[in-house]
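Worksheet: one structure, shown below.
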């Protein structure tokens with residue numbers, strides 16, 4: 035069984051698809067399989083796929099029910115131990131990315147950096163701990179992530195969501211199922227800023243809200259929303275936890291810090307008035 039399955043989904047994005055395919059087939063490491071799921075494109079994408087057919091292990095072009103339906107199709111065809119989703123328009127940052135990342139694949143999820151413009155971005159605030167707060171402002175880039183295929187057993191992407199299903203998946207496996215993960219310094223992907231999650235922020239926010247209400251008790255959800263809107267620097271002072279009950283303890287700690295700061299502030303005001 036090959037160690038890694040690279041999955042690309044595409045629909046009527048032949049130029050982006052060509053860029054993505056070339057970034058995959060030009061990798062210096064060859065121990066991977068390449069899967070392309072096309073949604074029945076009519077813009078020349080199929081001709082691009084056929085041009086590289088000898089370097090593609092499996093491909094299909096047929097109508098699908100959306101992004102995550104297509105990604106699920108790819109998962110079901112994958113035979114690797116890990117999979118990576120490098121969808122059309124995105125590409126590997128360099129030709130030796132897989133050669134570098136293959137040495138790091140020893141956790142359930144291995145996360146690299148991604149390039150957005152001229153800057154590279156890691157994920158999460160720390161390298162060795164994780165909490166729900168890491169999902170307040172963003173999520174994990176599936177382009178720069180390598181996911182054990184066994185995590186998808188009876189747990190495919192939620193096809194009822196159009197944009198936030200991968201965000202939901204990562205919360206499920208990392209927070210509620212406590213799967214192992216690590217960050218690496220490998221720059222994995224160049225991010226295509228024209229992707230659907232980048233241009234439909236309102237729908238993205240609606241789906242994330244729906245997901246959080248599904249996962250969290252109402253009062254925990256309310257606290258989470260308050261923190262998400264606060265942009266408080268106190269978040270950086272709060273211990274991070276990697277288990278579900280840790281989030282409830284996290285809320286308690288933050289409230290305690292706020293109370294202590296408020297009390298300290300009142301004491302200072304009183305002290306100054308005395309002089």
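In this note's numbering, the protein residues as written are 35 to 309. In this text, a Cβ means the ideal position worked out from N, Cα and C, and glycines have one as well.
With 16 other Cβ atoms within 10 Å as the buried cut-off, status of residue i
i: residue 172; result: exposed
i: residue 187; result: exposed
i: residue 122; result: buried
i: residue 336; result: The chain is shown from 35 up to 309; residue 336 falls before or after that span and cannot be answered.
i: residue 238; result: buried
i: residue 110; result: exposed
i: residue 54; result: buried
i: residue 41; result: buried
i: residue 44; result: buried
i: residue 189; result: exposed
i: residue 214; result: exposed
i: residue 210; result: exposed
i: residue 163; result: exposed
i: residue 224; result: buried
i: residue 256; result: exposed
i: residue 198; result: buried
i: residue 98; result: buried
i: residue 184; result: exposed
i: residue 62; result: exposed
i: residue 182; result: buried
i: residue 88; result: exposed
Backbone CA spacing between residue i and residue j [nearest angstrom]
i: residue 212; j: residue 85; result: 42 angstroms
i: residue 252; j: residue 242; result: 15 angstroms
i: residue 273; j: residue 169; result: With a pLDDT of 40 at residue 273, under the threshold of 50, the predicted position of this residue should be treated as unreliable, though the coordinate-derived value follows. Using only the alpha carbons, I get a separation of about 15 angstroms.
i: residue 67; j: residue 113; result: 8 angstroms
i: residue 58; j: residue 75; result: 20 angstroms
i: residue 134; j: residue 218; result: 10 angstroms
i: residue 118; j: residue 51; result: 16 angstroms
i: residue 72; j: residue 106; result: 12 angstroms
i: residue 235; j: residue 146; result: 24 angstroms
i: residue 94; j: residue 65; result: 22 angstroms
i: residue 38; j: residue 260; result: 40 angstroms
i: residue 310; j: residue 167; result: Past the boundaries of the shown model lies residue 310; the chain is included only from 35 to 309, so the question cannot be answered.
i: residue 144; j: residue 120; result: 15 angstroms
i: residue 148; j: residue 137; result: 18 angstroms
i: residue 240; j: residue 247; result: 11 angstroms
i: residue 165; j: residue 100; result: 29 angstroms
i: residue 92; j: residue 56; result: 16 angstroms
i: residue 244; j: residue 174; result: 18 angstroms
i: residue 254; j: residue 177; result: 30 angstroms
Nearest-angstrom Cβ-Cβ length linking residue i and residue j, presumed shorter than 8 angstroms
i: residue 222; j: residue 80; result: Contact flag wrong, Cβ pair sits at about 27 angstroms.
i: residue 116; j: residue 180; result: 5 angstroms
i: residue 46; j: residue 193; result: With a Cβ gap of about 20 angstroms, residue 46 and residue 193 do not count as contacting.
i: residue 195; j: residue 202; result: 6 angstroms
i: residue 205; j: residue 249; result: 7 angstroms
i: residue 78; j: residue 125; result: The pair is not a contact, with the Cβ atoms about 19 angstroms apart (cut-off 8 angstroms).
i: residue 90; j: residue 82; result: No, residue 90 and residue 82 are not in contact; Cβ-Cβ is about 11 angstroms, not under 8 angstroms.
Residue range of the unbroken beta strand (DSSP E) whose run includes residue i
i: residue 150; result: 143-150
i: residue 222; result: 215-224
i: residue 42; result: 38-44
Residue range of the unbroken alpha helix (DSSP H) whose run includes residue i
i: residue 186; result: Element bounds for residue 186: n/a, residue is neither H nor E.
i: residue 200; result: 199-205
i: residue 70; result: Premise fails: residue 70 lies in the beta strand (DSSP E), 66-72, not in any alpha helix (DSSP H).
i: residue 249; result: 235-249
i: residue 196; result: No alpha helix (DSSP H) holds residue 196; DSSP gives it neither H nor E.
i: residue 55; result: 48-59
i: residue 138; result: Counting along the chain, residue 138 falls outside any alpha helix (DSSP H), and DSSP gives it neither H nor E.
(message) Which complete alpha helix (DSSP H) runs does the segment 84-121 hold, if anything under 4 residues is left out?
(response) Qualifying alpha helix (DSSP H) stretches, in chain order: 101-111.
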